[in-house]
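According to my numbering, the sequence shown is numbered sequentially starting from 7. Don't be surprised by glycine CBs; every beta carbon is placed ideally from N, CA and C. Just so you know, these numbers come straight off a predicted model, no measurement behind them. A quick write-up on the structure given underneath.
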Amino acid sequence: MPPDPALFNLLQAYSALKHPRFLSFPSHLPFLQVHDFVLSCILLDPHLLQYPPSHAYQLSFWKWAIEHLEKLLGDEACTSLPFISVTISKPATHDAAAPPPPSFVTHYWRPAPQSGPPGAIPSTENHSVTLFESRTTIESGTTGLRTWRASFVLAQFLIQNSTVLMNKSVLELGSGTGFLGLIVADIQVSSGGVTGHPVLYLTDVNEDVLRRCHENTQLPCNASHCHGNLSVKSLDWFDALAQDGVPSIEATLNNMKPELVLGADILYHPDMIAPFLATLNIALRASKFPAGGTAYLALTVRSADLLNSFLLALRGSTSFAYACWQINRLTILILSGPQLVSRRTATLQS
Ligand SMILES: C[S@@+](CC[C@H](N)C(=O)[O-])C[C@H]1O[C@@H](n2cnc3c(N)ncnc32)[C@H](O)[C@@H]1O
Numbered sequence: 007m008p009p010d011p012a013l014f015n016l017l018q019a020y021s022a023l024k025h026p027r028f029l030s031f032p033s034h035l036p037f038l039q040v041h042d043f044v045l046s047c048i049l050l051d052p053h054l055l056q057y058p059p060s061h062a063y064q065l066s067f068w069k070w071a072i073e074h075l076e077k078l079l080g081d082e083a084c085t086s087l088p089f090i091s092v093t094i095s096k097p098a099t100h101d102a103a104a105p106p107p108p109s110f111v112t113h114y115w116r117p118a119p120q121s122g123p124p125g126a127i128p129s130t131e132n133h134s135v136t137l138f139e140s141r142t143t144i145e146s147g148t149t150g151l152r153t154w155r156a157s158f159v160l161a162q163f164l165i166q167n168s169t170v171l172m173n174k175s176v177l178e179l180g181s182g183t184g185f186l187g188l189i190v191a192d193i194q195v196s197s198g199g200v201t202g203h204p205v206l207y208l209t210d211v212n213e214d215v216l217r218r219c220h221e222n223t224q225l226p227c228n229a230s231h232c233h234g235n236l237s238v239k240s241l242d243w244f245d246a247l248a249q250d251g252v253p254s255i256e257a258t259l260n261n262m263k264p265e266l267v268l269g270a271d272i273l274y275h276p277d278m279i280a281p282f283l284a285t286l287n288i289a290l291r292a293s294k295f296p297a298g299g300t301a302y303l304a305l306t307v308r309s310a311d312l313l314n315s316f317l318l319a320l321r322g323s324t325s326f327a328y329a330c331w332q333i334n335r336l337t338i339l340i341l342s343g344p345q346l347v348s349r350r351t352a353t354l355q356s
């Protein structure tokens, strides 16, 4: 039987290192039910023992959890919590003033009912992706060593609309440590045989980021591990503007032939707009489809000026048609390649 949603939320929060300040304790449930769940499904869960949250996080989580468990139990607390008490009493080796250390992070999710093969019984099983990633915004001079919110939003969209991925070769630009790519790989693996998955390219410019991304795709707990056609590759958007870089980026993208291009939180400086759009233009033209490929982008609105400059550049370009909508402080864009421009523009205007 699936656990009570409030308990599952606790597991999701712990494995994704959500700060206890933002958690709600399931105080409405009986003590034993909560205690047994946190003991067997969180503290002693084999996956979380192998890919644990950082020690610093565990310490703050268990302190919070035990305080609430004790409140729930009343006077009997001390005798009933031996395991958890032992764990929390381990000394922290991390300097509290230093930035939080990198950690394993696990995200649980459930495929949408339509994502299986036709006629299949919808899965009620949770899927998960695990990454080793930074807990700071910028580390070693790059923003790519952790997952950004735009990736979560785009992943949610793809999970709910997984048919857009069906049998498509996929290219991700600026993939960071690979969260979105791991979700795509999982969907591709779940909806196909062990061999013959559509190609999936995760690309970035930073060597540390690419190494981390590759390592994450190779973790045996991730479905990406048994994806037969996944590659992590270096691709610098600035090559699309450099005279001597264009032939090589064109050759790379023509070889990939991406039918679907993804990008999450890939713009944070005005200087990135032109090279990014030049790359996207080549990528969409390189598609196997005669009409060109499609791109799904999720952009964090860091500044209205940056977003407006990007939309202005898109509007001024004859290479793209796009639809765009906003969710909180995120902008989601669907772009299509050159041949579809007039058709899409007509659709959007009507
Ligand atoms: C804010 S991070 C987003 C990472 C990931 N997409 C996410 O949403 O979690 C931006 C990513 O773009 C990559 N990037 C920046 N400039 C780039 C360039 N010129 N070519 C390719 N990737 C670039 C960075 O290395 C970084 O991984």
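Taking only three categories from DSSP, how would you classify V92? Any reading at V92 is ruled out, since the residue's pLDDT is 48, under 50, leaving its predicted position unreliable.
Taking 6 Å as the cut-off, is the beta-carbon of T143 closer than that to any non-hydrogen atom of ligand 1? No, the Cβ of T143 stays beyond 6 Å of every heavy atom of ligand 1.
Problem set entry | Own chain residues within Cβ distance below 6 Å of W331, not counting five before or after | These residues qualify, in order along the chain: I338.
* To do: Give me whichever residues DSSP pairs with V238 in a beta bridge.
  => Paired residue(s): L208.
Could you pull out every residue in the same chain whose Cβ sits closer than 7 Å to the Cβ of S293, ignoring the five residues on either side in sequence?
The beta carbon of S293 lies closer than 7 Å to those of K263, P264, E265, G299 and G343 in the same chain, with the five residues before and after it left out.
* Check whether the stretch 231 to 247 touches the stretch 207 to 222, taking contact to mean three or more Cβ pairs, one atom from each stretch, closer than 8 Å. => Because the criterion of three Cβ pairs below 8 Å is met, the stretch 231 to 247 and the stretch 207 to 222 touch.
- Message: Buried or exposed, going by whether 16 or more other CB atoms sit within 10 Å of the CB of N222?
- Response: N222 is classed as buried because its beta carbon has at least 16 other beta carbons within 10 Å across all chains shown.
Checklist entry - Taking Cβ to Cβ, would you say A304 is nearer than 7 Å to V159? => result The beta carbons of A304 and V159 sit closer together than 7 Å.
Q. Does the beta-carbon of I144 have 16 or more other beta-carbons within 10 angstroms, so that it is buried, or is it exposed?
A. Label assigned to I144: exposed.
| message | Between P32 and L50, how many whole angstroms is the CB-CB distance? I'm expecting something under 8 Å. | response | That belief does not hold up - the Cβ atoms of P32 and L50 are roughly 19 Å apart, past 8 Å.
Checklist entry - If you draw a straight line from the C-alpha of Y274 to the C-alpha of L75, how long is it? => result Spanning the two alpha carbons is a distance of roughly 43 Å.
- Task: For F316, verify whether its CB is less than 6 Å away from any heavy atom of ligand 1.
- Result: No, ligand 1 has no heavy atom inside 6 Å of this Cβ.
Ligand 3 heavy atom lying under 6 Å from the CB of T136:
In the structure shown, ligand 3 is absent; the only ligands present are ligand 1.
Fill in: Inter-stretch contact at 8 Å, needing at least 3 Cβ pairs: the stretch 238 to 258 / the stretch 66 to 80
Because the criterion of three Cβ pairs below 8 Å is not met, the stretch 238 to 258 and the stretch 66 to 80 do not touch.
>> Is the separation between the beta-carbon of L79 and that of F110 shorter than 7 Å?
In response: Against a cut-off of 7 Å, the Cβ pair of F110 and L79 comes out as no contact.
heavy atom of ligand 1 below 6 Å from D214 C-beta: Not so, every heavy atom of ligand 1 lies at least 6 Å from the Cβ.
Roughly how many angstroms separate the alpha carbons of F163 and A246, rounded to a whole number? When rounded, the distance between both Cα atoms is 29 Å.
request  = Give the C-beta separation of Y302 and I340 to the nearest angstrom, bearing in mind that I take them to be a contact with Cβ-Cβ under 8 Å.
outcome  = Between the beta-carbon of Y302 and that of I340 there is about 6 Å, and that keeps the pair under the 8 Å contact cut.
query: CB-CB under 6 Å to N173, same chain, minus the five flanking residues each way: which ones, in chain order?
result: Excluding five sequence positions before and after N173, the CB atoms of its chain that fall closer than 6 Å to its own CB belong to P204, given in chain order.
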